[in-house]
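Participant: The structure is given below, and queries will be raised subsequently.
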Amino acid sequence: MMLGCVTIGETMTVFTPNEEGPLRHARSFSMKFGGAKSNVAIGLSRLSHSSRWDSRLGEDEFGDAMQSFIRGEGDDVSYVSRDPISSGRTWC
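If you want it as structure tokens, here you go:
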């Protein structure tokens with residue numbers, strides 16, 4: 000199979016509150032993925048074009064979920080690199 004398109008860049012995990020009102024009162028969220036590069040790759044796959052999404056993800060559940068989702072949309076994710084998460088890392 001000849002590769003048609005390669006996209007390179009980040010994709011975001013988007014959390015949307017399931018209730019209306021101030022964010023500080025939300026207790027449950029829906030999780031989706033979004034980002035121009037992955038959206039283009041997914042769109043091309045849906046149109047039956049071959050595409051590959053290259054990025055760097057954490058070696059954690061978020062990284063696993065994102066890579067699995069994009070692979071499930073038909074994109075080649077074999078060039079995605081994974082970073083181990085150190086136990087002392089603090090997220091801002």
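According to numbering that gives the first Met the number 0, the sequence shown is numbered sequentially starting from 0.
Ideal Cβ placement from N, Cα and C applies to all residues, glycine included.
1) Just the C-alpha distance for Trp52 and Arg70, rounded to the nearest angstrom, thanks.
2) When the Cα atoms are used, what is the spatial distance from Phe68 to Met11?
3) So, Val13 versus Lys36, is the Cβ gap smaller than 7 Å?
4) Could you give the residue range of the alpha helix (DSSP H) that holds Asp63?
5) Pick helix, strand or coil for Ser37, following the three-state DSSP scheme.
6) Looking only at C-alpha atoms, which of Phe28, Gly34, Glu72, Gly8 sits nearest to Asp46?
Facilitator: Let me lay it out:
1) Taking the sequence shown and counting its residues from 1, one reaches residue 52 at position 53. Taking the sequence shown and counting its residues from 1, one reaches residue 70 at position 71. Cα-Cα distance, rounded: 9 Å.
2) The count along the sequence shown starts at 1 and reaches residue 68 at position 69. The count along the sequence shown starts at 1 and reaches residue 11 at position 12. Going from the Cα of Phe68 to the Cα of Met11 covers about 12 Å.
3) Here residue 13 is taken as the residue at index 14 of the sequence shown, counted from 1. Here residue 36 is taken as the residue at index 37 of the sequence shown, counted from 1. No. Outside cutoff.
4) Counting from 1 along the sequence shown, the entry for residue 63 is found at position 64. Looking at the DSSP string, the run of the alpha helix (DSSP H) that includes Asp63 is 60–71.
5) The residue given as residue 37 occupies position 38 in the sequence shown. DSSP places Ser37 in helix when its eight states are reduced to three.
6) Residue 46 sits at position 47 when you count from the first residue of the sequence shown. Note that residue 46 is Leu in the sequence shown here, rather than Asp. The candidate whose alpha carbon is nearest that of Leu46 is Glu72.
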